[in-house]
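Colleague:
Residue numbers (the working numbering), protein chains in the order written: chain A, 27 to 140; chain Y, 25 to 449.
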């Protein structure tokens with residue numbers, strides 16, 4: 027009973043956000059068998075690319091906020107890091123651990139909202 | 025909408041996805057689930073868990089039990105030993121977690137778990153009930169592992185392996201030692217908190233001594249035959265410190281037999297050393313509360329299901345961070361942060377009667393090798409359904425000739441970004 031009330035309230039609060047649609051779509055894609063949850067995986071990226079807090083003191087120098095980019099730009103950068111077409115410090119090594127579908131999902135979560 | 029509100033909603037949307045189930049996998053829609061979640065331990069693991077639990081499901085009651093008013097970050101603490109930073113820069117506040125996310129902070133020591141009744145018992149006898157408990161107790165030291173090095177000995181010969189008074193003591197001893205003196209660091213066998221930590225510490229002490237006491241020497245007496253980021257460390261050592269810094273493998277000196285804290289001497293199987301500053305990093309185990317509560321195995325660490333970080337001994341208790349055995353993941357603050365998010369998602373799902381989402385975890389860690397140079401190690405870890413364990417997807421270290429100056433700039437930016445992700449400010 028209380029669960030349903032909570033749910034409705036939560037949904038209403040999301041409805042005020044322009045970004046909900048995107049997230050809902052991302053989460054409603056059919057789950058592929060034996061694959062990680064890419065929204066959860068994307069949260070791991072925030073250990074370095076957190077945007078809160080830093081905003082108050084200007085942008086975090088050098089560690090770029092992924093929200094500056096469209097999802098497709100992030101996906102393209104991650105693929106380029108993985109394939110060695112783009113050079114970085116740690117991102118080549120991290121991207122090497124990601125598969126194609128995962129890159130799309132992670133980029134979809136992190137990218138700029140319309 | 026300001027970034028914080030937007031971000032909070034994005035994360036809450038994830039929680040909605042997991043908690044509601046249904047949409048991602050066609051499962052039956054059940055509701056977000058609410059409940060009492062208690063987090064014990066306010067380090068990087070516990071603070072991240074508390075924060076993300078509340079971001080993913082604002083309807084949860086989240087209580088963080090931690091005796092200290094503020095936390096001192098271990099990442100960055102070696103820089104304070106070398107005088108590159110003030111201890112004040114390590115302080116982390118819980119104010120944002122309390123005020124912005126309505127997390128209840130209980131300033132008390134959790135002394136015991138009543139597992140059958142699902143209660144955490146505090147030092148004053150008060151009890152805190154839980155539906156799910158997240159335990160992030162960090163490490164404790166094996167005071168019986170090295171003859172002569174017990175808790176009393178650590179009051180004059182610091183381990184400095186938890187940021188705080190021990191760190192300040194080591195920094196003071198380095199500052200007051202004579203030029204031409206010997207700094208001796210003993211490094212333990214794996215596994216232990218922060219695998220590259222002893223070598224970063226040696227690098228930064230060398231950086232300080234080279235400037236202020238250039239006739240001094242640093243020895244690392246290791247219980248291992250190799251160590252994390254070894255090629256990158258050794259390259260930096262050759263370039264910056266030459267003969268000043270020497271690493272001695274266990275192949276050369278064998279076992280560390282005994283420590284005499286009063287004389288500041290160390291005996292190995294083959295030799296004896298007298299140090300001006302002695303830093304003994306002893307072998308470790310999971311924090312005391314985990315051990316006393318029957319959540320550790322014979323290794324001294326806590327076995328968990330890596331899908332949810334639930335203890336294999338108690339499905340209502342999740343163990344994250346240095347205390348847990350997470351397969352190939354090293355014991356680092358970043359690992360704890362990554363595990364805490366997986367754990368939070370699993371707790372939110374479990375309270376809604378859903379299975380945990382499948383995780384993909386990251387470790388990432390910088391070590392300074394000089395005041396303006398750093399190296400790093402990274403790893404990506406997936407879940408193997410074949411054996412129910414985490415498997416390494418990719419791992420890598422700064423290569424020879426890597427851009428250490430750029431990594432140092434990233435490392436300092438990371439310290440701020442990581443604080444924001446863990447403590448919310």
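Think of the CB as a built atom: it goes at the ideal place given N, C-alpha and C, for glycine as much as any other residue.
Look up residue 387/Y in the DSSP assignment and give the residues it is bridged to.
Modeller: Its beta-bridge partners are 403/Y.
Colleague: Which full runs of the alpha helix (DSSP H) of 4+ residues lie inside the region 204–257 of chain Y, going along the chain?
Modeller: DSSP runs (the alpha helix (DSSP H)) wholly in the region 204–257 of chain Y: 221–236.
Colleague: Helix or strand or just coil, what does DSSP make of residue 394/Y?
Modeller: It is a strand residue.
Colleague: Just to confirm before moving on: does the CB-CB distance between residue 360/Y and residue 76/Y stay below 8 Å?
Modeller: No, the Cβ-Cβ distance between residue 360/Y and residue 76/Y is not below 8 Å.
Colleague: Are the CB atoms of residue 86/Y and residue 74/Y within a distance shorter than 8 Å?
Modeller: Yes, they are a contact pair.
Colleague: Verify whether the separation of the beta carbon atoms of residue 344/Y and residue 335/Y is less than 8 Å.
Modeller: No, the Cβ-Cβ distance between residue 344/Y and residue 335/Y is not below 8 Å.
Colleague: To test your reading of the DSSP string, which unbroken alpha helix (DSSP H) runs of 4 or more residues are found completely within the region 285–353 of chain Y?
Modeller: Here the runs fully enclosed are 312–316.
Colleague: To which residues of the same chain is residue 264/Y closer than 6 Å at the C-beta, ignoring the five residues directly before and after it?
Modeller: These residues qualify, in order along the chain: 394.
Colleague: Are the CB atoms of residue 88/Y and residue 121/Y nearer to each other than 8 Å?
Modeller: Yes, the Cβ-Cβ distance between residue 88/Y and residue 121/Y is below 8 Å.
Colleague: Taking DSSP's pairing of strands, which residues face residue 138/Y in a bridge?
Modeller: According to DSSP, which records beta bridges pairwise, residue 138/Y is partnered with 143/Y.
Colleague: Between the region 90–120 of chain A and chain Y, which residues of the former have CB atoms less than 7 Å from a CB of the latter, in chain order?
Modeller: Hits within the stretch, in order: 115, 116, 119, 120.
Colleague: One question on the structure: do residue 62/A and residue 382/Y come within less than 8 Å of each other, judged by their Cβ atoms?
Modeller: Result yes, Cβ atoms of residue 62/A and residue 382/Y sit closer than 8 Å.
Colleague: What in chain Y is Cβ-close to residue 133/A, meaning under 8 Å?
Modeller: The premise fails here: residue 133/A is roughly 14 Å from chain Y at the closest Cβ pair, so nothing lies under 8 Å.
Colleague: Give me the chain A residues within the contact set of residue 253/Y, using Cβ-Cβ distance strictly less than 7 Å, ordered along the chain.
Modeller: Neighbours of residue 253/Y on chain A: none; closest Cβ ~12 Å, over 7 Å.
Colleague: Report all residues from its chain with a CB closer than 7 Å to the CB of residue 101/Y; omit the five preceding and five following residues, and keep chain order.
Modeller: Once the five neighbours on either side are set aside, the close Cβ partners of residue 101/Y are 114, 187, 191.
Colleague: Given a cut-off of 8 Å on the beta-carbon distance, is the pair residue 194/Y and residue 108/Y in contact?
Modeller: Going by C-beta atoms, residue 194/Y is not nearer than 8 Å to residue 108/Y.
Colleague: Just the chain A side, please: which residues come within less than 7 Å of residue 342/Y by C-beta, in chain order?
Modeller: Simply none; closest approach about 15 Å.
Colleague: Helix, strand or coil for residue 408/Y, going by three-state DSSP, please let me know.
Modeller: Of the three classes helix, strand and coil, the one that applies to residue 408/Y here is strand, per DSSP.
Colleague: Our contact map puts residue 311/Y next to residue 347/Y with C-beta atoms below 8 Å; I'd like the distance itself, whole angstroms only.
Modeller: Rounded, the Cβ-Cβ distance is 5 Å, consistent with contact.
Colleague: Please classify residue 119/A as buried or exposed, where buried requires at least 16 neighbouring CB atoms within 10 angstroms.
Modeller: Buried, since its Cβ has 16 or more Cβ neighbours within 10 Å.
Colleague: Let me know the alpha helix (DSSP H) ranges lying completely inside the region 84–134 of chain A, each 4 residues or longer, listed in chain order.
Modeller: For the region 84–134 of chain A, whole alpha helix (DSSP H) runs of length 4 or above, ordered along the chain, are 97–108, 117–121.
Colleague: Considering only residues of the same chain and omitting the five flanking positions on each side of residue 96/Y, which have a CB-CB separation below 7 Å?
Modeller: Closer than 7 Å at the Cβ level, and outside the excluded window around residue 96/Y, lie 114, 115, 187, 188.
Colleague: From residue 138/A to residue 108/A, what distance separates their C-alpha atoms?
Modeller: About 21 Å.
Colleague: Please report how far the alpha carbon of residue 404/Y lies from the alpha carbon of residue 305/Y, in whole angstroms.
Modeller: Spanning the two alpha carbons is a distance of roughly 28 Å.
Colleague: Since residue 133/Y sits in a beta bridge, which residues does DSSP pair it with?
Modeller: DSSP lists no partner for residue 133/Y.
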